[in-house]
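What follows is a short report on a single structure.
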Amino acid sequence: VVHKHMIMRAEVNEPLITPTETKKWLRDLVKKIDMNILGGPYSSYVTKEGNRGVTGIVMIETSHISIHIWDEERPALVQCDVYSCADFSHVEVVQSLAQMEPTKVDYLLLDREPNMKWSGSWQW
């Protein structure tokens, strides 16, 4: 068992803007990183000024994936977390953003084993 946590921040030109497309993106990501859905995906559109955009989560057998996209400005801001007790490809997670036309992607990988350690950060 591993405890891998990926925290990602991206700026994108073509953000997801509906709960339907966000749920599809989450399902596709789960399949791409070879995980299994336990519950969801769930997604809603938040209308609160300053926090407007879609938010979504999917429970996977080994933990969860969450995303929020602030779409009030361009480029839009994407924040996504992938946490799993099974290994996954962080490269495939970054590549899953391609449809949103990212202009910048930053991410951190954390090893949440005892004596938690930071595995590194990257820009794409």
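Residue numbers for the sequence shown follow the working numbering, beginning at -19 and rising by one.
Quick reminder that beta carbons are idealized off the backbone N, C-alpha and C, glycines included.
Shortest alpha-carbon distance to residue i belongs to which of the options?
{"i": "V38", "options": "W5, E29, R32, A56", "result": "W5"}
{"i": "F68", "options": "R92, G19, K12, Q59", "result": "K12"}
{"i": "V42", "options": "A78, V10, P(-5)", "result": "Going by the sequence as given, residue 42 is Thr instead of Val. Checking every option, the nearest Cα to that of T42 belongs to V10."}
{"i": "N31", "options": "Q59, G20, D8, H44", "result": "Q59"}
{"i": "V(-8)", "options": "V71, L88, Q75", "result": "Q75"}
{"i": "L18", "options": "V71, I45, P82", "result": "I45"}
{"i": "T27", "options": "R7, E(-6), E52, G20", "result": "E52"}
{"i": "V34", "options": "E(-6), E72, H70, V71", "result": "E(-6)"}
Look at the alpha carbon of residue i and the alpha carbon of residue j, and state the distance between them as a whole number of angstroms.
{"i": "P55", "j": "E93", "result": "35 angstroms"}
{"i": "E1", "j": "M80", "result": "11 angstroms"}
{"i": "L(-4)", "j": "W50", "result": "10 angstroms"}
{"i": "L77", "j": "E29", "result": "25 angstroms"}
{"i": "D8", "j": "N95", "result": "33 angstroms"}
Using beta-carbon positions only, say whether residue i and residue j come within less than 9 angstroms of one another.
{"i": "M15", "j": "I47", "result": "no"}
{"i": "Y25", "j": "K3", "result": "no"}
{"i": "E91", "j": "A(-10)", "result": "Glu is not the amino acid found at residue 91; the sequence shown has Asp there. No."}
{"i": "P82", "j": "G36", "result": "no"}
Can you tell me the Cβ-Cβ gap for residue i and residue j, rounded? I've got them flagged as a contact below 8 angstroms.
{"i": "H70", "j": "L57", "result": "At roughly 20 angstroms, the Cβ-Cβ gap does not stay under 8 angstroms, so H70 and L57 are not in contact."}
Cβ contact check for the stretch 52 to 70 and the stretch -17 to -10: 3 or more pairs under 8 angstroms: With three or more CB-CB distances shorter than 8 angstroms, the stretch 52 to 70 counts as touching the stretch -17 to -10.
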